[in-house]
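Chemist:
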Amino acid sequence: MSTRILTLDLHPARLSLSAALAQAYRDGATASGHEMRHHALSEMVFDPDLGQSGFRNAPKPEPDLARFQDDLTWAQHVVLVAPMWWGGLPARAKGLFDRSFLPGYAFDPRQRHLGLPKPLLAGRSARLILTSDTPGWAFWLMYHRALRHQVQRQILGYVGIRPMGFTHFSPVEHSTDAQRKAWLATVRSLGTRAA
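Count the sequence shown with my numbering and you get residues 10 to 204, in order.
#1: Going by alpha carbons, who is nearest to Arg65 out of Gly113, Leu137, Ser27?
#2: Under the DSSP definition of a beta bridge, which residues are partnered with Met45?
#3: Look at Val87 and Asp18 and say whether their C-beta atoms are less than 8 Å apart.
#4: Drop a sphere of 10 angstroms on the beta-carbon of Arg108, count the other beta-carbons inside from all chains shown, and report buried for 16 or more, exposed for fewer.
#5: In the structure shown, what three-state DSSP assignment does Ala133 receive?
#6: Of the residues Met173, Gln61, Pro126, Gln78, which one's Cα is nearest the Cα of Arg136?
#7: Rank Thr12, Arg46, Leu129, Leu139 by C-alpha distance to the C-alpha of Pro92 and give the top, closest one.
#8: With Pro72 as the anchor, note down where its alpha helix (DSSP H) starts and where it stops.
#9: Can you tell me where the alpha helix (DSSP H) with Gly145 in it begins and where it stops?
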């Protein structure tokens with residue numbers, strides 16, 4: 010069965026390990042007959058800052074943000090590929106969510122359950138593919154997988170996108186060609202299974 014998949018490369022540079030991993034996922038998914046759409050943060054033109062407006066007076070989404078919203082609405086499965094910088098997503102990636110996950114599109118603040126707004130993007134699953142120089146043991150033991158929890162619970166889960174799978178590759182800086190090839194193969198396999 011074919012799955013509609015949106016991949017999102019959240020690295021702000023065009024040439025990156027994140028871009029290669031996103032491409033490997035698409036290659037695997039396409040080879041298995043899944044439908045694909047893709048956005049690269051490095052190619053999207055938008056102001057990542059809501060500025061003084063906040064959600065209530067948010068500026069109209071720029072064309073790239075509107076296309077992203079359309080593709081997210083279309084998708085059944087969303088794959089985010091991101092580096093971890095200073096324990097979080099790159100600032101521009103956070104800005105993408107600030108500007109596109111708006112009231113009326115991603116959540117409804119008028120309808121509440123247990124104090125939380127109604128999520129409007131339910132019915133989709135996700136996977137976060139994270140790269141970092143922080144070793145996996147430190148990410149788990151010292152930092153309690155904080156970035157994973159932020160994306161899973163406070164960004165995607167908040168708008169109804171769940172469950173979220175998680176894949177972490179590290180340390181990147183001292184990785185060998187063989188390790189990076191193995192990472193690409195792992196991600197290609199995830200793509201074939203739409204996982």
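By construction, the Cβ of each residue, glycine as well, lies at the ideal position given by its N, Cα and C atoms.
Modeler: Walking through what the data contain:
#1: Between Arg65 and the set Gly113, Leu137, Ser27, the nearest pair of CA atoms involves Gly113.
#2: Its beta-bridge partners are Ile14.
#3: Taking 8 Å as the Cβ cut-off, Val87 and Asp18 do not qualify as a contacting pair.
#4: Label assigned to Arg108: buried.
#5: The amino acid at residue 133 is misidentified as Ala; the sequence shows Arg. Reduced to three states, the DSSP call for Arg133 is coil.
#6: It is Met173.
#7: Nearest to Pro92 by C-alpha distance, out of Thr12, Arg46, Leu129, Leu139, is Leu139.
#8: Under the DSSP assignment, Pro72 falls in the alpha helix (DSSP H) whose first and last residues are 72-83.
#9: It spans 145-150 - the alpha helix (DSSP H) in which Gly145 sits, taken as one unbroken run.
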